[in-house]
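Chemist: In my numbering, the protein residues as written are 1240 to 1327.
Built from N, CA and C at the ideal position, the CB exists for glycine as well.
Bear in mind the structure is a predicted one, so any value in this text is a computation, not a measurement.
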Amino acid sequence: MDKLKMQEFHRMIHDVKNEIYETHQDPDGIVSIEINGHLEIKKIKILIKVTDHKLEQVIPLVVNSSIQSVSMKIKSLIEVFQKNLPNQ
1240 MDKLKMQEFH
1250 RMIHDVKNEI
1260 YETHQDPDGI
1270 VSIEINGHLE
1280 IKKIKILIKV
1290 TDHKLEQVIP
1300 LVVNSSIQSV
1310 SMKIKSLIEV
1320 FQKNLPNQ
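Below you can see the structure in the form of structure tokens.
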């Protein structure tokens, strides 16, 4: 890719990341996490009566799931953008 296309590609990725905002929670509803396309956790909600041990089990799973979901969304949007680039 030439420099101009690379800059356009970088801007597109940044724009895509700004538009992605998702909420994920564990199946029991103990933890809810809001995450954006920059993989920043913006908000965490935790049920009041939850043991530390349960939180230690649940939080990593919800965070990992959130990161995977956002990453897959970014990847699919990048693939669409790449397919639409003119071949040179």
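Take Ile1313 as the anchor and find which of His1277, Leu1300, Gln1264 and Val1297 has the nearest alpha-carbon.
Modeler: Cα-wise, what sits closest to Ile1313 is His1277.
Chemist: Helix, strand or coil: which one does DSSP assign to Lys1288?
Modeler: Of the three classes helix, strand and coil, the one that applies to Lys1288 here is coil, per DSSP.
Chemist: Could you tell me which uninterrupted beta strand (DSSP E) segments, each at least 3 residues in length, are contained entirely in the region 1248 to 1317, listed from first to last along the chain?
Modeler: Here the runs fully enclosed are 1260 to 1264, 1270 to 1275 and 1280 to 1285.
Chemist: Considering Cα atoms alone, identify which of Gln1246, Val1255, Asp1241 and Lys1284 is closest to Glu1318.
Modeler: Ranking the options by Cα distance to Glu1318, first place goes to Val1255.
Chemist: Out of Leu1243, Ile1269, Glu1258 and Tyr1260, which one is the CA nearest neighbour of Leu1300?
Modeler: Leu1300 has its Cα closest to that of Ile1269, out of Leu1243, Ile1269, Glu1258 and Tyr1260.
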